[in-house]
Structures are given as C-alpha cells and as structure tokens.
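These notes concern the structure reproduced below.
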C-alpha cells in the first residue's frame with residue numbers, strides 16, 4: 021500500500037459525501053415551518069445552500085486540476101457553516117445583525133456612488149442606528165469560532181486567507197527558484213490543492229445545523245450518513261458569549 025492511498029481514500033469519501041448532500045438538496049421542493057421560524061429558516065436555507073453549492077464547486081474545480089484556486093471558495097464554505105451554527109444558537113440576534121448589516125451596506129454603497137457622481141436614483145438609504153451586539157460576529161470570524169468552539173474551522177480559514185488577497189504568498193505559490201539567472205515558469209500552483217475532506221466537514225456541520233433549525237428528520241439521516249463516512253461527530257456547539 022502506498023503512502024498516498026489513505027489520503028486518496030479520504031478525498032474520495034469526501035467527494036462522495038458532498039455529492040450525497042447535493043443530491044438530497046436537488047430533491048427538496050418545500051420546507052414547512054411555524055410562522056415564527058420563517059425568517060430564520062429562509063436565512064438558514066440560503067446560507068446552507070451557499071455551503072453546499074460552494075463545496076460542489078470546490079470538488080468540480082479540484083477534478084479539473086484547479087484545487088489550489090478553489091481555496092477562496094473553501095473560505096466561504098467554512099464561514100457560512102459557522103454562521104449557521106450561530107443562527108441555531110441565537111436566531112433573533114442573527115436576524116437583527118444581518119438586517120443592520122444589509123441596511124448599512126446599502127447606505128454605504130449609495131453614498132459612495134453619489135460621492136463619485138453616479139446616478140443611483142432617488143432611493144434614500146438612511147444610515148442605520150443602534151448597532152446591535154451581534155454585529156461583532158459578522159465582523160470578527162475568529163471570535164465567532166472561539167465562542168462557538170469551532171477553532172478547527174478558523175485555522176484552515178486563515179491558511180486560505182493567505183492566497184485570497186494579493187500577497188507574497190499568493191504569488192510565490194506559482195514561482196520557481198532562479199537557476200543560472202533564468203526564471204523557471206510554472207503554469208499551475210506548487211501546492212497540492214484544497215483538502216476536500218475539510219470542505220466535506222463544513223458541509224456536514226452546516227447540514228447538521230440546518231436540520232436542527234428546521235427540525236428535519238430526513239436531513240438528520242443525511243447527517244448520520246456523513247458522520248459515518250467521514251468519522252466526524254456533527255453535534256452543534258453551544259454559543260459561549
């Protein structure tokens with residue numbers, strides 16, 4: 021047995037697990053929840069869909085030898101997976117923070133456009149007041165992970181962040197050392213690409229959280245299957261404020 025076989029087996033299992041959730045998602049047609057849960061459910065569904073489809077995009081890119089470039093998408097999946105756990109813990113706090121952030125974004129965008137002479141119509145997007153406490157989790161992913169005891173999500177997030185923004189690290193991954201004054205060019209990254217198993221774990225965590233939010237037995241069965249295949253416990257952490 022070669023040293024690569026266990027890794028290849030783990031990656032294959034992760035690919036299958038992502039596909040399992042994608043298949044379940046494609047068969048879903050409606051969600052029934054109490055009226056008071058409509059707003060958090062819609063938000064949670066959107067975030068869960070973001071995680072699942074992003075993970076599907078990651079595995080698609082990886083199959084086409086763009087595994088390294090898929091790293092920016094892994095960040096998105098990790099961040100949204102943690103956010104759904106926060107939503108399960110404190111739905112009212114999350115909704116308040118998200119609404120505030122949306123109003124602030126629209127105000128900032130409109131103001132910036134007008135300051136640059138753009139015609140953005142007559143819509144007046146007033147600056148929201150009374151910044152809610154939950155905004156700290158939208159602006160500080162590290163604190164969200166710490167308070168949710170999800171440090172294992174923050175570390176890979178930081179790793180991928182080095183390639184997400186223009187930096188020495190984002191360039192060096194495509195560089196070779198000079199030999200006799202000549203630069204050896206690369207057409208692909210030196211790294212092996214993303215850890216697909218980590219991406220599958222973010223899907224499992226997000227699916228577990230969403231199943232709890234909407235109290236879905238069908239989704240829990242999916243989570244159980246993911247937990248078995250990935251050998252991971254997908255219990256939702258309790259927020260420590």
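Numbering (this note's numbering), first residue to last: 21 to 261.
Note that the Cβ used here is the ideal one computed from N, Cα and C, for glycine as well.
All figures in this text were calculated on a predicted structure; none of them were measured in a lab.
Rounded straight-line distance, which links the Cα of residue j to that of residue i
i           : j           : result
residue 24  : residue 218 : Since pLDDT at residue 24 reaches only 46, below the 50 mark, its modelled position is unreliable, and the value read off the structure follows with that caveat. Rounded to the nearest angstrom, the two C-alpha atoms are 17 Å apart.
residue 81  : residue 249 : 22 Å
residue 192 : residue 211 : 10 Å
residue 115 : residue 189 : 36 Å
residue 69  : residue 198 : 45 Å
residue 178 : residue 163 : 13 Å
residue 29  : residue 151 : 47 Å
residue 228 : residue 255 : 7 Å
residue 56  : residue 148 : 24 Å
residue 126 : residue 141 : 13 Å
residue 48  : residue 42  : 10 Å
residue 58  : residue 77  : 28 Å
residue 120 : residue 202 : 54 Å
residue 108 : residue 50  : 20 Å
residue 135 : residue 128 : 10 Å
residue 46  : residue 237 : 17 Å
8 Å contact criterion, which residue i and residue j should meet: CB distance rounded
i           : j           : result
residue 165 : residue 102 : 6 Å
residue 71  : residue 222 : 6 Å
residue 64  : residue 239 : Going by Cβ atoms, the distance from residue 64 to residue 239 rounds to 11 Å, so no, they are not a contact pair.
residue 113 : residue 154 : 4 Å
residue 44  : residue 242 : 5 Å
residue 170 : residue 105 : 7 Å
residue 224 : residue 247 : 7 Å
Residue burial classification, residue i (beta-carbon count within 10 angstroms, cutoff 16)
i           : result
residue 8   : No statement about residue 8 is possible, as the shown extent of the chain runs from 21 to 261 and does not include it.
residue 2   : Here the chain comprises residues numbered 21 to 261, so residue 2 is not present and cannot be evaluated.
residue 226 : buried
residue 207 : exposed
residue 79  : buried
residue 21  : Residue placement at residue 21 is flagged as unreliable, the pLDDT there being 34, under the threshold of 50; a coordinate-derived value is accordingly withheld.
residue 146 : exposed
residue 262 : A query on residue 262 cannot be resolved here, the shown segment of the chain reaching from 21 to 261 and no further.
residue 175 : exposed
residue 84  : exposed
residue 34  : buried
residue 215 : buried
Contact check, residue i vs residue j, beta carbons under 9 Å
i           : j           : result
residue 173 : residue 260 : no
residue 180 : residue 94  : yes
residue 38  : residue 75  : yes
residue 220 : residue 157 : no
residue 40  : residue 245 : yes
residue 187 : residue 196 : no
residue 209 : residue 89  : yes
residue 53  : residue 251 : no
residue 143 : residue 130 : yes
Quiz prompt | Length-filtered (3 minimum) beta strand (DSSP E) runs lying within the stretch 135-218 | solution = 195-199 and 202-205
Practice problem: Kindly provide the ranges of any beta strand (DSSP E) runs that are 3 or more residues long and lie completely inside the stretch 22-89, ordered along the chain. | Solution: none
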